[in-house]
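The structure under discussion appears below in the form of structure tokens.
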Amino acid sequence: MSNDMRPFSTYPEDRDKLLELAAKAANSDDVAATELADLVTAILTDEQAVLDAEMFDQMTEEFSQEVEQSWQTFKSAIPAAVVINDNQPGKTAIIEILADPPTIPVGTKLFTAPIKA
1 MSNDMRPFST
11 YPEDRDKLLE
21 LAAKAANSDD
31 VAATELADLV
41 TAILTDEQAV
51 LDAEMFDQMT
61 EEFSQEVEQS
71 WQTFKSAIPA
81 AVVINDNQPG
91 KTAIIEILAD
101 PPTIPVGTKL
111 FTAPIKA
């Protein structure tokens with residue numbers, strides 16, 4: 001058997017034709033034809049179930065990544081801190097951390113929002 005064999009799902013017209021022929025053979029009086037039809041139908045059905053499960057897993061992972069990205073975007077839009085007193089010496093200010101729990105890693109860059117006039 002060649003390593004470049006692909007599942008029937010990559011050839012939808014062949015898959016449909018096989019299922020059509022299997023349905024015709026299943027209605028025959030020939031026991032061997034009926035058994036072959038049952039076997040072909042079972043193989044194609046199992047293959048489709050596996051492909052559906054793989055596609056579901058891939059879609060679930062992609063959806064999970066989208067949700068995580070959306071959550072990170074949402075969190076980045078929430079204020080992390082507010083300036084309480086900017087009358088400190090040099091370039092320092094006292095801030096109130098709004099995050100819960102109230103921790104922000106040292107070195108976190110805080111961006112300002114536009115000031116409303």
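Using UniProt numbering, the first residue of the sequence shown is number 1, and each one after it goes up by one.
Note that CB positions come from ideal geometry on N, CA and C, so glycine has one too.
Beta carbon of I94, beta carbon of N85: below 7 Å? Here residue 94 refers to the residue found at position 94 of the sequence shown. Here residue 85 refers to the residue found at position 85 of the sequence shown. The Cβ atoms of I94 and N85 sit closer than 7 Å to each other.
Determine the direct distance from the alpha carbon of K24 to that of A33, and round the result to whole angstroms. Taking the sequence shown and counting its residues from 1, one reaches residue 33 at position 33. Taking the sequence shown and counting its residues from 1, one reaches residue 24 at position 24. In a straight line, the C-alpha of A33 is about 9 Å away from that of K24.
Expected contact under 8 Å - CB spacing of L44 and R15 to nearest Å: Taking the sequence shown and counting its residues from 1, the one referred to as residue 44 is at position 44. Taking the sequence shown and counting its residues from 1, the one referred to as residue 15 is at position 15. L44 to R15, Cβ: 6 Å. Contact.
Nearest to T103 by CA position, among M59, T60 and A80, is which residue? One-based indexing of the sequence shown puts residue 103 at position 103. The shortest C-alpha to C-alpha distance from T103 to any of M59, T60 and A80 is the one to A80.
In the DSSP assignment, the alpha helix (DSSP H) including I104 goes from what residue to what residue? Residue 104 sits at position 104 when you count from the first residue of the sequence shown. I104 -> no alpha helix (DSSP H), and no H or E assigned at all.
Assuming L18 contacts V40 (C-beta within less than 8 Å), just tell me the rounded distance between them. The residue given as residue 18 occupies position 18 in the sequence shown. The residue given as residue 40 occupies position 40 in the sequence shown. Contact flag correct, Cβ pair sits at about 6 Å.
Straight-line CA distance for G107 to Q48? Here residue 107 refers to the residue found at position 107 when the sequence shown is read from its first residue. Here residue 48 refers to the residue found at position 48 when the sequence shown is read from its first residue. G107 and Q48: Cα-Cα distance of roughly 52 Å.
Residue range of the unbroken beta strand (DSSP E) whose run includes A81: Taking the first residue of the sequence shown as position 1, residue 81 is located at position 81. Segment A81 to N85, the beta strand (DSSP E) holding A81.
Cutoff 7 Å; reference A22; Cβ partners in own chain excluding five residues on either side: In the sequence shown, counting from the first residue as 1, residue 22 sits at position 22. Spatial neighbours of A22 in its own chain (CB-CB distance under 7 Å, excluding positions within 5 residues in sequence) are listed in chain order as A37, V40 and T41.
Taking DSSP as the reference, what is the three-state secondary structure of I115? The sequence position of residue 115 within the sequence shown is 115, counting from 1. Here I115 carries a coil assignment [DSSP, helix/strand/coil].
Could you check the C-alpha separation between K116 and K109 for me, to the nearest Å? As a position in the sequence shown, residue 116 is number 116, starting the count at 1. As a position in the sequence shown, residue 109 is number 109, starting the count at 1. Each residue's alpha carbon lies about 22 Å from the other.
Can you tell me where the beta strand (DSSP E) with I97 in it begins and where it stops? Position 97 of the sequence shown, counted from the start, is the residue given in the question as residue 97. Annotation: the continuous beta strand (DSSP E) that includes I97 extends over I94 to I97.
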